[in-house]
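Beneath this line is the structure, given in structure tokens, with notes to follow.
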Amino acid sequence: MLLPHGYEGQGPEHSSARLERYLQLCAEQNMQVVIPSTPAQVYHMIRRQVVRPMRRPLIVMSPKSLLRHPLCTSSIEDLAEGTFEPAIGEVDELKAENVKRVVFCSGKVYFDLLEQRRSNEQDDVAIVRIEQLYPFPLEDVKAKIAEYTNAQDFVWCQEEPQNQGAWYSSQHNFRAAIPAGADLKYAGRPASASPAVGYMSVHLKQQKALISDALTLD
């Protein structure tokens, strides 16, 4: 099931597919909830669903703005030879010893984080994409962050308000993945009765603030 989901300043009716409600239903491997971020991920997600002997409902959150995003691309090799990755690690060449913070995210907010980090010329924050929120890829996530031995600061960044999205339903999974004693923080919109604001100016202000929160070291 393909559901439009992404915060683009178009108001409550055009922002949220109520991701949190699907995650609340997840248990006993009863379904899959994914947020693919590249064309190759979409292709391999569909291919996996067809060829797998296991049959489980597939819930896909799909931001509309990624249709034409200049960074949302895949090579022919990615399409021809790749596979669906439940978690995708850092894409830029960062020195692992310099990384002090790891930011987890899903969906189109990844590209906002990536663009801002490159603009800041930061090398102390790594970004890990969670492409499959359920079943949660615990071992994959552990492997993606294993090299960042100096990181004790971990952040979940989402566009949704704090009482929505994946934060409440998935934070226990992130706590299980990060090193013992490490801190897990939230970067996103404050809790809200509405899925999204109705003014573009307010949306952009909120978006800028959550990106800054995710990338700014204490």
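Residue numbers for the sequence shown follow UniProt numbering, so the first one is 1 and each next one is one higher. We treat Cβ as the ideally placed atom computed from N, Cα and C, and that holds for glycine.
Pair within 9 Å by beta-carbon distance, residue i and residue j
i, j, result
"residue 127", "residue 117", "yes"
"residue 228", "residue 141", "Any answer about residue 228 is impossible in this case: the structure gives the chain only from 1 up to 218."
"residue 170", "residue 23", "yes"
"residue 108", "residue 16", "no"
"residue 71", "residue 114", "yes"
"residue 60", "residue 1", "yes"
"residue 58", "residue 124", "no"
Buried or exposed by the 16-neighbour rule on C-beta atoms within 10 Å, applied to residue i
i, result
"residue 211", "buried"
"residue 83", "exposed"
"residue 19", "buried"
"residue 134", "buried"
"residue 160", "buried"
"residue 90", "buried"
"residue 137", "buried"
"residue 25", "exposed"
"residue 66", "buried"
"residue 208", "exposed"
"residue 199", "exposed"
Beta-carbon separation (whole angstroms), residue i vs residue j, contact threshold 8 Å
i, j, result
"residue 293", "residue 191", "Outside the modelled stretch of the chain, which goes from 1 to 218, sits residue 293, for which no answer is possible."
"residue 100", "residue 153", "6 Å"
"residue 62", "residue 3", "7 Å"
"residue 11", "residue 64", "In fact, because the Cβ distance is near 14 Å, the residues do not count as touching under 8 Å."
"residue 132", "residue 179", "Their Cβ separation, rounded to whole angstroms, is 22 Å, which puts residue 132 and residue 179 out of contact at 8 Å."
For residue i, the nearest candidate out of the options (CA to CA)
i, options, result
"residue 33", "108, 76 and 56", "56"
"residue 76", "182, 193, 44 and 132", "44"
"residue 105", "174, 68 and 65", "174"
"residue 79", "35, 41 and 189", "41"
"residue 157", "58, 98, 215 and 68", "215"
"residue 151", "181, 201, 60 and 59", "181"
"residue 21", "168, 213, 148 and 203", "168"
"residue 95", "85, 122, 87 and 199", "122"
"residue 223", "54, 120 and 46", "Residue 223 cannot be examined here, being either before or after the span of the chain that is shown, 1 to 218."
* To do: Jot down the residue ranges of each uninterrupted beta strand (DSSP E) in the region 181–213, minimum 3 residues, whole runs only, in chain order.
  => 183–189
* Can you list, in chain order, the stretches of the alpha helix (DSSP H) that have 4 or more residues and sit fully within the UniProt domain "Transketolase-like pyrimidine-binding" (1–68)? -> 19–25 and 39–51
* Return the chain-ordered ranges of every beta strand (DSSP E) run that is complete within the region 96–149 and spans a minimum of 3 residues. => 101–105, 125–130 and 132–134
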